[in-house]
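Scroll down for the structure; my scribbles are underneath it.
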Amino acid sequence: MEPEYDDSIYASEESGDEEALSWISWYCSLSGHEFFCEVEEEFIDDDFNLTGLSQMVNYYNEALDIILDIDNEEDEDKLEGSEMAMVEMSADVLYGLIHARYIITRMGLQQMAEKYENGEFGTCPRFLCNFTPVLPCGRTDQPDRDTVKLFCPNCLDIYNPSSAKYHSVDGAFFGTTFPNLFFDTYPELLPKQPSMIYTPKIFGFKISEKSKIGSRVRWLRMQPEDKSILATQKDEEADKNNDNDEGKDGKRNEKPSENQIPDVDIETNDKKDGDKGSRKHEQENNQSRVRGKDIAIEQNSLKSNYSEAKHTQISLPRTPAVVK
Numbered sequence: 001m002e003p004e005y006d007d008s009i010y011a012s013e014e015s016g017d018e019e020a021l022s023w024i025s026w027y028c029s030l031s032g033h034e035f036f037c038e039v040e041e042e043f044i045d046d047d048f049n050l051t052g053l054s055q056m057v058n059y060y061n062e063a064l065d066i067i068l069d070i071d072n073e074e075d076e077d078k079l080e081g082s083e084m085a086m087v088e089m090s091a092d093v094l095y096g097l098i099h100a101r102y103i104i105t106r107m108g109l110q111q112m113a114e115k116y117e118n119g120e121f122g123t124c125p126r127f128l129c130n131f132t133p134v135l136p137c138g139r140t141d142q143p144d145r146d147t148v149k150l151f152c153p154n155c156l157d158i159y160n161p162s163s164a165k166y167h168s169v170d171g172a173f174f175g176t177t178f179p180n181l182f183f184d185t186y187p188e189l190l191p192k193q194p195s196m197i198y199t200p201k202i203f204g205f206k207i208s209e210k211s212k213i214g215s216r217v218r219w220l221r222m223q224p225e226d227k228s229i230l231a232t233q234k235d236e237e238a239d240k241n242n243d244n245d246e247g248k249d250g251k252r253n254e255k256p257s258e259n260q261i262p263d264v265d266i267e268t269n270d271k272k273d274g275d276k277g278s279r280k281h282e283q284e285n286n287q288s289r290v291r292g293k294d295i296a297i298e299q300n301s302l303k304s305n306y307s308e309a310k311h312t313q314i315s316l317p318r319t320p321a322v323v324k
């Protein structure tokens, strides 16, 4: 059920003077809303901070007037009883979405840091976390999807709140960014003692992590201080897997037999064959050119010799006459 607005608790007397209690203060004081911080009205007055919320919330203007304590009697007269209840529900959703944006700002982080140091969000239910303070968070940024969860910075896990009064609080009112940005802004609030992990044993012997009852998520909870170790371990595992693959296949270390056709690069061989063919073709062309030149020289020499012999008179020796 959504909280109903009660005029009897909407005003308080302090030092004999009646001072009006703002809607935001009243909303955060309700049971089950202890995780919320009071959003400053200056943040809500800035339209830039509310970009896109008008499409997500029905009766946006009326709900915003309720949050900012703006009395609009004309709108209230137009709304019926059922519609007024819808407006109050819209105000609840609108404030939650504004709250999710506010707690990731500098002012919002400061307010949530004070509540965290005071332990207002509770402690981790895990025994080995030694009552580490937790932070509220959501598993999604969309409303009406999931309820609020509690994030533990020691075991890096999330839990359901132990009290049932928080089970109706929407997780989108805190969002997925808040806990991570919080500890990035205030690293000194991180737990200093290392996270202890339960080691299952049988008769004093540790159970293998590969067993069905072994600690399969151990690597998720253990983080070394030196982050470079993670990269080194990944490289070693990759090299180990490559060595195992080579040992199983045995193809890289074995020498190819006489009948075995070695693996070759077809493109490289084709390129080599093409280069050889082009070179051979060039050599044949050069040889044919040389032969042609030699033949032409021989023909020219024969022609010159024939012309010289034709024009030259050849004197033959005379033979003596034979007298009979």
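Going by UniProt numbering, the residue at position 108 of the sequence shown is 108; the numbering climbs one at a time, nothing skipped.
Just so it is clear, CB atoms sit at the ideal spot from N, CA and C, and this is done for glycine as well.
It should be emphasised that the depicted structure is a prediction, and the values quoted were computed from it without experimental measurement.
Tell me the DSSP secondary structure of residue i in three-state form.
i, result
"residue 165", "helix"
"residue 198", "coil"
"residue 18", "Low per-residue confidence applies at residue 18: pLDDT is 41, beneath 50, and the placement is therefore not dependable enough to give any value."
"residue 133", "strand"
"residue 150", "strand"
"residue 210", "coil"
"residue 123", "strand"
"residue 170", "strand"
"residue 183", "helix"
"residue 205", "strand"
"residue 46", "coil"
"residue 56", "coil"
"residue 138", "coil"
"residue 97", "helix"
"residue 24", "helix"
"residue 285", "helix"
"residue 192", "coil"
"residue 72", "coil"
"residue 330", "It is not possible to answer for residue 330, since the shown part of the chain is limited to 1 through 324."
"residue 10", "No answer about residue 10 holds up, because its pLDDT of 46 lies below 50 and its placement is not dependable."
"residue 266", "At residue 266 the pLDDT is 48, less than 50, meaning the model places this residue with poor confidence and gives no usable figure here."
"residue 144", "coil"
Label residue i either buried or exposed according to how many other C-beta atoms from any shown protein chain fall within 10 Å of its C-beta, with 16 as the threshold for buried.
i, result
"residue 154", "buried"
"residue 27", "buried"
"residue 90", "buried"
"residue 194", "exposed"
"residue 45", "exposed"
"residue 109", "buried"
"residue 172", "buried"
"residue 202", "exposed"
"residue 70", "exposed"
"residue 135", "buried"
"residue 52", "exposed"
"residue 197", "exposed"
"residue 127", "exposed"
"residue 239", "exposed"
"residue 48", "exposed"
"residue 146", "exposed"
"residue 184", "exposed"
Along the chain, where does the beta strand (DSSP E) that runs through residue i open and close?
i, result
"residue 331", "Lying before the first or after the last residue shown, residue 331 is absent from the chain, which here runs from 1 to 324."
Starting from the Cα of residue i, find the closest Cα among the options and give me that residue.
i, options, result
"residue 188", "116, 171, 176 and 148", "116"
"residue 62", "92, 194 and 237", "92"
"residue 60", "97, 200, 157 and 39", "97"
"residue 149", "133, 166, 129 and 205", "166"
"residue 106", "178, 72, 289 and 286", "178"
"residue 122", "287, 143, 101 and 151", "151"
"residue 41", "34, 102, 84 and 54", "102"
"residue 22", "168, 129 and 39", "39"
"residue 142", "289, 204 and 56", "56"
"residue 131", "72, 186, 191 and 84", "191"
"residue 139", "286, 24, 170 and 58", "170"
"residue 35", "119, 82, 58 and 50", "119"
Would you please verify whether the beta carbon of residue i is less than 8 Å from any beta carbon of chain D?
i, result
"residue 63", "Absent from the structure: chain D. Only one protein chain is present."
Quick check on the DSSP output: the alpha helix (DSSP H) that includes residue i runs from which residue to which?
i, result
"residue 61", "60-67"
"residue 32", "No alpha helix (DSSP H) contains residue 32, which DSSP labels as neither H nor E."
"residue 175", "Note, residue 175: premise wrong, no alpha helix (DSSP H); not H, not E."
"residue 38", "Neither: residue 38 is in no alpha helix (DSSP H) and is coded neither H nor E."
"residue 106", "106-117"
My understanding is that residue i touches residue j, with C-beta atoms under 8 Å, so please give their C-beta distance in whole angstroms.
i, j, result
"residue 104", "residue 181", "5 Å"
"residue 334", "residue 68", "Any property of residue 334 remains undetermined from this structure, which presents the chain solely from 1 to 324."
"residue 37", "residue 112", "6 Å"
"residue 176", "residue 137", "7 Å"
"residue 206", "residue 199", "6 Å"
"residue 174", "residue 100", "6 Å"
"residue 168", "residue 32", "7 Å"
Got a sec: does the ligand FMN put a non-hydrogen atom nearer than 7 Å to the Cβ of residue i?
i, result
"residue 179", "As far as ligands go, the structure on display features none, and thus does not contain the ligand FMN."
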